[in-house]
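Worksheet: the structure to be examined is printed underneath.
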Amino acid sequence: MTLANRDAMKTLDELMQHLCDNGIACSGELQKRELKNLGYYHGYKGYRFAGIAKNRLHLQSFEQISSLNCFDMALKSSIYPRIIAVETALKNYTLEEVLQDAESPFLALVLFSWVSAHR
């Protein structure tokens, strides 16, 4: 199997079959719809650690994949607001320093100057 064939995106039916072939019990239209809503990556590769195939979680059912996804979403929901606040603060402090260093209160002028100098 070539790299292109191995990494080709699977159809939803092929993805369901892949999960079954890898020991995860799954079937039915309800799970198929949930898999579609989960997203390709979470359903297909979401039960591996950092892309290392041998370091798999030993999941046996689609319900476990679904539960893992719910846990992942809850974790992200609890962390993202804090990360966004830090990201916004860092961006604002950085922007303030850039404008002070450029001795201009106008970001557009600073960016235009930089682009003009690097043509």
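Numbering (the working numbering), first residue to last: 17 to 135.
Ideal Cβ placement from N, Cα and C applies to all residues, glycine included.
Handout entry: Helix, strand or coil at A41 [DSSP, three-state]
Key = Your numbering for residue 41 matches position 25 in the sequence shown. Note: A41 maps to strand in three-state DSSP.
Exercise for the section: Pull up the distance between the alpha-carbon of E112 and that of A133, whole angstroms please. Expected result: The residue you call residue 112 lines up with position 96 of the sequence shown. The residue you call residue 133 lines up with position 117 of the sequence shown. If I take the Cα positions, the gap works out to 21 Å.
Practice task
Have a look at the DSSP bridge pairing and note the partners of S77.
Solution key: Within the sequence shown, numbered from 1, the residue matching residue 77 stands at position 61. A41, per the DSSP bridge assignment.
Exercise for the section: For Q47, count neighbouring Cβ atoms within 10 angstroms of its own Cβ and tell me buried if that reaches 16, exposed if not. Expected result: Indexing the sequence shown from 1 puts residue 47 at position 31. By the neighbour-count rule (16 or more Cβ atoms within 10 Å), Q47 is buried.
Exercise for the section: Could you check if C86 is buried or exposed, using at least 16 other CB atoms within 10 Å of its CB as the buried criterion? Expected result: Along the sequence shown, one-based indexing puts residue 86 at 70. Exposed is the call here.
Exercise for the section: Mind checking which residues open and close the alpha helix (DSSP H) that includes F128? Expected result: As a working note, residue 128 is residue 112 in the sequence shown. L123 to A133 is the extent of the alpha helix (DSSP H) around F128.
Exercise for the section: Leaving out five residues on either side along the sequence, give the residues of the same chain with a beta carbon under 7 Å from the beta carbon of V126. Expected result: Along the sequence shown, read from residue 1 onward, the residue named residue 126 stands at position 110. Here the set comprises V114, L115, A118 and S120.
Handout entry: Three-way DSSP call (helix, strand, coil) for K26 in this model
Key = Position 10 of the sequence shown, counted from the start, is the residue given in the question as residue 26. Looking at K26 - three-state DSSP - the assignment turns out to be coil, as it is neither helix nor strand.
Practice task
Rounded to whole angstroms, what's the CA-CA distance from I100 to K107? Just pull it up for me.
Solution key: Locating residue 100 in the sequence shown gives position 84, where the first residue counts as 1. Locating residue 107 in the sequence shown gives position 91, where the first residue counts as 1. Going from the Cα of I100 to the Cα of K107 covers about 10 Å.
Handout entry: Buried versus exposed call for I40 [16 or more other C-beta atoms within 10 Å across all chains shown]
Key = Residue numbering aside, residue 40 sits at position 24 when the sequence shown is read from its first letter. The residue is buried, with at least 16 neighbouring Cβ atoms inside 10 Å.
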